[in-house]
Amino acid sequence: MRTTRTGKLLALLAFLLAVVQVPIALADNSFLSTPRVQISGKWLRYTPGLPEASRGAVSKTTFDMTISYHDTLSADSVPAGDPKRARALEVESVIKYWADALYQQSNGQHTLGTVYIYQGGKFGDKASVLWKANAWPTGAIAGYGKPGQVITFGDVFNSTTFVGAASTATSQANGGYTLGHETGHYVYALYDEYVATYTNPPRSWPWSSDVSPSGAAIMNSQWNAMKNNDGGWLNHSIAAFYVTSTDTAQKRMYGKSCWQVLLQAPSQDGVSGDTTVKPSRVQYSFSKPVTTSGDYLNAVTPGTHLAAAQANLKILWLAEATMVYQIVLDRSGSMGTNPDKPDDPTPLSYAKTAACNLVDSLPKNVYVGIVQFDDSTSQVYPITLIASNDAAAAATRAAAKAAINGLTSGGSTAIYDAASYALSQFVAQKTALSADLLGVTYLLTDGEDNSSSKSVGEVIGEYQAQKVPLITVGYGAGGQAGSFALTQLADGTGGQYFASPVDQAALQQVFFAALGKTSDAVSLGTFKETLAAGASTTKTFRVDSTLGTATFFAGWKGTAAGVTLTLTGPGGAVGIVSGDVQDQGGAISFSKRISGPAAGTWSLQLTNVTAASLDVSCSATGEPGTGTGYSVTLGLADGGSTVASSRPALLLARVNRNGVALKGATVVGTLTDPAGAVSPLTFRDDGTGGDATASDGIYSAVVSGYSGGTYKVDVTASNPGGTAQESYCGQSPSVQNPDDPAAAFNPYGAVVAENFERSSSFQFTTSGGAAPTVAPTGGGGGGGGGGCEALGLLPLVALLLIPALSLIRRRKG
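Residue numbering for the sequence shown follows the working numbering, starting at 13 and increasing by one per position.
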């Protein structure tokens with residue numbers, strides 16, 4: 013009976029997966045920027061494209077957001093009596109008015125949820141809102157939860173001060189309503205309805221010849237809500253407002269009013285020009301649709317707060333010591349040998365080496381814990397703070413690495429129980445400290461689960477409840493055989509799945525890429541080479557002025573004495589001591605952390621002193637001294653890590669300085685196919701070949717005609733000619749305060765003269781099959797081809813069926 017029942021389940025699952033092969037959009041700009049829906053009184057993580065039956069059952073939707081604020085303001089960080097505390101209250105006031113605007117424009121059906129505020133400009137390249145001292149507010153169309161997309165905002169907008177000495181209750185309300193206007197772009201993928209004179213505006217921006225809708229609308233002028241004491245200016249336009257003479261950016265892109273677009277499936281958006289590598293519009297649930305003026309819910313009185321709009325709002329000022337990293341390592345029996353290369357170091361040796369290097373790359377003021385599992389699970393190193401003091405931080409890292417080095421192989425594989433246990437330890441730490449801690453779990457395994465009492469669905473539910481992402485790594489052929497469940501764990505929790513061969517350099521690159529998703533740590537480059545006997549190689553790394561720390565790594569197999577190392581900075585050679593080199597059962601690793609590194613070229617020379625050829629690797633990571641520094645954001649335009657077989661992979665690389673996109677940088681990419689073949693991959697920012705907008709700092713590539721499997725994309729961004737420049741032209745600018753003197757919006761900011769170099773790695777998986785050979789022409793609004801109304805079925809099916817599939821388990825040694 014069991015075999016028959018399981019076979020039917022597998023057949024049903026195979027049928028559903030064949031029918032619903034669609035990408036899953038995730039909160040890639042920050043794992044905390046996540047929508048949640050209320051169904052039958054229970055809050056669940058929202059999946060784009062919920063089936064109509066489920067969408068109709070949604071009673072409320074709330075949007076969690078992240079803010080990267082340019083200064084440090086919270087009470088935890090600012091002494092009593094400091095005027096910055098008053099500014100913090102002004103920021104919170106603006107956010108509360110933002111919640112009111114979101115409630116009103118959704119007709120009382122959507123609310124602002126938890127707002128996480130990173131201080132000192134941290135997380136600038138991942139936050140939903142990049143909040144600067146001075147900025148012209150802009151919003152990326154359909155950018156919510158998508159990599160490289162952001163709302164730009166500021167304390168001051170032209171002559172209006174939202175936050176600061178000249179701030180008033182009225183200006184704070186206008187600030188929140190302006191964020192509400194940008195939310196129309198960012199969350200709902202709507203376009204502007206005001207009239208403005210811009211220099212060479214694209215069709216998606218207002219034109220001087222435009223004619224605004226006949227009725228009140230937030231995409232026309234949010235300022236009129238306070239000016240006219242009319243909450244109708246915080247809602248959206250309807251069809252009746254679009255008379256014959258009406259002409260707006262919204263009409264050019266969709267041909268319809270805002271509420272008409274909100275209520276239609278993205279597949280009905282229509283052609284809106286050559287939109288290619290850009291996010292698709294997501295349709296959210298509206299149980300109280302607005303089709304006529306009589307449907308409007310005029311609940312918000314401008315300048316006051318509405319309790320219903322604030323019901324789910326929680327503002328968290330994140331302190332330095334906030335993030336907890338749980339590193340969960342498989343030590344089952346199969347980790348103890350490599351059947352393909354029995355003379356090589358064991359898979360566990362490579363995993364321990366890469367995990368130790370990950371610990372060395374973690375920034376200060378975060379917590380780290382180590383969990384091991386086979387058929388049982390234990391916390392082998394307790395969750396401990398890596399302090400800001402250099403000596404204390406070094407001691408913590410050494411203790412964590414000692415726990416990793418002590419792991420031995422044996423037993424079966426309880427992946428789901430291990431993930432659940434690691435989360436429970438995080439929750440216990442959070443409770444013990446009574447702190448607003450955030451967590452992320454890195455889980456590496458080389459096989460499929462064969463001894464857990466928990467199911468995939470249970471684990472995903474637990475992680476969603478705590479808003480903790482799971483970064484999963486399928487290690488070697490066995491781990492990649494279990495990639496379906498590992499992908500579900502990652503995608504279901506806002507994390508990411510990575511595949512890695514049993515190779516020290518490849519696994520280390522995976523860990524560094526994963527770290528970049530959840531911290532401000534950056535990769536300065538990765539190299540791998542085969543050295544002949546007696547040969548040397550020198551690899552260089554560019555350390556720029558934004559870095560407060562740089563860490564250099566090297567690896568090879570054999571003995572520690574097999575390679576001699578020389579690390580040289582602008583000031584000369586850096587001493588290497590015996591503790592910098594570790595031997596993990598023949599997997600040799602070198603790690604050297606430099607605080608306050610001098611800007612300039614650093615080099616690492618490796619010399620093979622053995623009598624045989626030797627594979628060597630070297631890499632470097634860095635942490636910004638302040639803010640976010642330079643970075644490159646890499647991913648699929650619609651987020652996630654899965655590409656449907658019938659679609660091309662639409663890739664973007666956004667080059668950033670402190671969260672602001674940079675045009676004019678040099679971006680070089682490669683694509684590694686499932687067989688390991690590497691080919692060049694061109695990323696463009698010229699508005700051709702799949703690139704949606706020229707000179708917006710988002711570099712695009714389209715991959716089509718692929719076979720099934722996991723692909724790896726590697727990108728390096730640099731500025732050798734000093735030609736990089738800040739760009740906002742990929743976002744829609746806000747209408748300015750009509751009471752301010754007229755000002756001209758400049759879509760370009762400061763030129764970056766300094767050279768820098770950043771690397772990033774990303775993986776996506778596809779089932780293969782026929783794919784378009786040309787870049788697609790997208791639908792209206794978000795572009796990307798539309799048609800994403802079915803996106804939610806795959807994870808829902810998986811959560812229902814995977815617990816039953818756990819009846820089949822492959823026992824491994």
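Idealized CB from N, CA, C, for every residue including glycine.
What are the boundary residues of the alpha helix (DSSP H) that residue i is part of?
i: Glu102; result: 95 to 117
i: Ile427; result: 427 to 445
i: Leu191; result: 181 to 198
i: Thr505; result: 495 to 505
i: Lys134; result: Here Lys134 belongs to no alpha helix (DSSP H), and DSSP marks it neither H nor E.
i: Gln384; result: No alpha helix (DSSP H) holds Gln384; the beta strand (DSSP E) holding it covers 378 to 385.
i: Tyr475; result: 468 to 478
i: Trp271; result: 270 to 274
i: Thr530; result: 516 to 530
By DSSP, does residue i sit in helix, in strand, or in coil?
i: Asn240; result: coil
i: Asp307; result: helix
i: Met231; result: coil
i: Tyr296; result: coil
i: Arg669; result: strand
i: Lys263; result: helix
i: Arg48; result: strand
i: Ser837; result: Any property of residue 837 remains undetermined from this structure, which presents the chain solely from 13 to 825.
i: Thr408; result: helix
i: Thr457; result: strand
i: Pro738; result: In the sequence as displayed, the identity of residue 738 is Glu instead of Pro. Note: Glu738 maps to strand in three-state DSSP.
i: Trp217; result: coil
i: Phe353; result: According to the sequence shown, residue 353 is Lys rather than Phe. Here Lys353 sits in coil by DSSP.
i: Ala729; result: strand
i: Phe253; result: helix
Would you mind reading off the limits of the beta strand (DSSP E) that contains residue i?
i: Glu541; result: 534 to 543
i: Pro394; result: 389 to 398
i: Ser373; result: Ser373 -> not in any beta strand (DSSP E); alpha helix (DSSP H) instead, spanning 359 to 373.
i: Ser344; result: Unbroken run through Ser344: none, as it is neither H nor E.
i: Arg770; result: 769 to 778
i: Ala145; result: 141 to 146
i: His122; result: 122 to 130
Round the Cβ separation of residue i and residue j to the nearest angstrom and send it over; I've been treating them as touching at under 8 angstroms.
i: Val598; j: Lys551; result: Contrary to the premise, residue 598 reads as Gly rather than Val in this sequence. Gly598 to Lys551, Cβ: 23 angstroms. No contact.
i: Ser140; j: Tyr156; result: 7 angstroms
i: Asp556; j: Phe768; result: 4 angstroms
i: Lys675; j: Asp697; result: 6 angstroms
i: Gln478; j: Gly486; result: Not confirmed; about 23 angstroms, so no contact.
i: Tyr723; j: Thr684; result: 7 angstroms
i: Gln516; j: Ala415; result: No, Gln516 and Ala415 are not in contact; Cβ-Cβ is about 19 angstroms, not under 8 angstroms.
i: Gly160; j: Arg666; result: 3 angstroms
i: Val289; j: Val575; result: Contact doesn't hold; Cβ gap of about 42 angstroms is too wide.
i: Ser653; j: Gln508; result: 6 angstroms
i: Gln234; j: Ser105; result: In fact, because the Cβ distance is near 16 angstroms, the residues do not count as touching under 8 angstroms.
i: Thr425; j: Asp461; result: 6 angstroms
Residue i: buried (16+ other C-beta within 10 angstroms of its C-beta) or exposed?
i: Thr287; result: For Thr287, the predicted model reports a pLDDT of 46, less than 50, meaning its position is unreliable; a value from the coordinates is still stated below. The residue is buried, with at least 16 neighbouring Cβ atoms inside 10 Å.
i: Lys300; result: exposed
i: Asn731; result: buried
i: Phe350; result: It is worth fixing the name first, because residue 350 is Asn in this sequence and not Phe. Flag for Asn350 reads buried.
i: Asp94; result: exposed
i: Lys138; result: buried
i: Thr530; result: buried
i: Thr78; result: buried
i: Asp751; result: exposed
i: Ser45; result: buried
i: Ala440; result: exposed
i: Pro91; result: exposed
i: Thr777; result: buried
i: Ala152; result: buried
i: Val763; result: exposed
i: Ser361; result: buried
i: Asn401; result: exposed
i: Asp355; result: exposed
What runs of the beta strand (DSSP E), each 3 residues or longer, lie entirely inside the stretch 149 to 183?
163 to 169
Any chance you could list the beta strand (DSSP E) runs of at least 3 consecutive residues sitting entirely within the stretch 627 to 694, in chain order?
642 to 648, 661 to 669, 672 to 675, 678 to 684, 690 to 693
Please give the ranges of any alpha helix (DSSP H) in the stretch 540 to 596, keeping only runs that are unbroken, at least 4 residues long and fully inside the region.
none
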